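Reading the sequence shown from the start, the letters are residues 2 to 145 in this note's numbering. Glycine is no exception: its CB is placed at the ideal position from the N, C-alpha and C atoms. All figures in this text were calculated on a predicted structure; none of them were measured in a lab.
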Amino acid sequence: MFIAVARLLGYPRSVGEIFGILFAAEKPLTFEGISRKRGISAGSVSVGLRHLRNLGVVIAMPVDGDRRDYFAVNDDFVGVNASLIRFHLEPRVSAARIRIDRIRVMADRLSLSGPHRHLAHRLERFADWQGQLMRALAPLLKTQ
């Protein structure tokens, strides 16, 4: 399940594996412990942990008497959701707004040309649909 979500979000398989390992772990794990659990290379663990920490879904925690970092899943799921929205949804919504504006300009130009009026109408309908989608997503973006 975690591998599929990682791939859906554009991350490598190892990111999903690392999250799954930490999700199932009873206690926080070291870098080496994560690598040993699934035989993931040190480079993949390093990159994966960086992605997961940047998203806020994994946290590093110190353990008394041990200089190594231990990693665990962030149990603040509200914060995790806000982080996922901020990193994945918000940039796409912003880019979509720009595309909608471009589509509307294109539709306006085509509506002046007789043979392309049907395309102008479709583009305008598509832009309207995109606008509705953006309005539906707006409450999610405000919860950050």
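Return the CA-CA distance between residue i and residue j, expressed in angstroms with no decimal places.
i: valine 74; j: isoleucine 19; result: 10 Å
i: leucine 23; j: proline 92; result: 28 Å
i: alanine 5; j: arginine 136; result: 28 Å
i: glutamine 145; j: isoleucine 86; result: Because the pLDDT at glutamine 145 is just 47, under 50, the model does not fix this residue reliably, and the value given afterwards should be weighed accordingly. So the two alpha carbons sit approximately 8 Å from each other.
i: leucine 177; j: leucine 30; result: Only positions 2 to 145 of the chain appear in this structure, which leaves residue 177 out of reach.
i: aspartate 102; j: glutamate 125; result: 10 Å
i: asparagine 55; j: valine 64; result: 21 Å
Can you list, in chain order, the residues of its chain whose CB lies under 8 Å from that of residue i, leaving out five sequence neighbours each side?
i: isoleucine 41; result: Ser15, Glu18, Ile19, Ile35, Gly49
Going by Cα to Cα distance, which pick from the options is closest to residue i?
i: alanine 67; options: Phe32, Arg39, Asn82, Gly57; result: It is worth fixing the name first, because residue 67 is aspartate in this sequence and not alanine. Comparing Cα-Cα distances from aspartate 67 to each of Phe32, Arg39, Asn82, Gly57, the minimum goes to Phe32.
i: proline 140; options: Ala128, Met107, Val94; result: Val94
i: phenylalanine 88; options: Val46, Asp76, Lys28, Gly57; result: Gly57
i: valine 59; options: Ile99, Leu10, Asp129, Phe78; result: Phe78
i: isoleucine 99; options: Asn82, Gly132, Phe72; result: Gly132
Residues in the same chain with beta-carbon distance under 6 Å from residue i, minus the five sequence neighbours each way, listed in chain order, please.
i: alanine 121; result: Ala108, Leu111, Ser112
Beta-carbon within less than 7 Å of residue i's beta-carbon, same chain only, minus the 5 sequence neighbours each way: which residues are those?
i: histidine 117; result: Leu111
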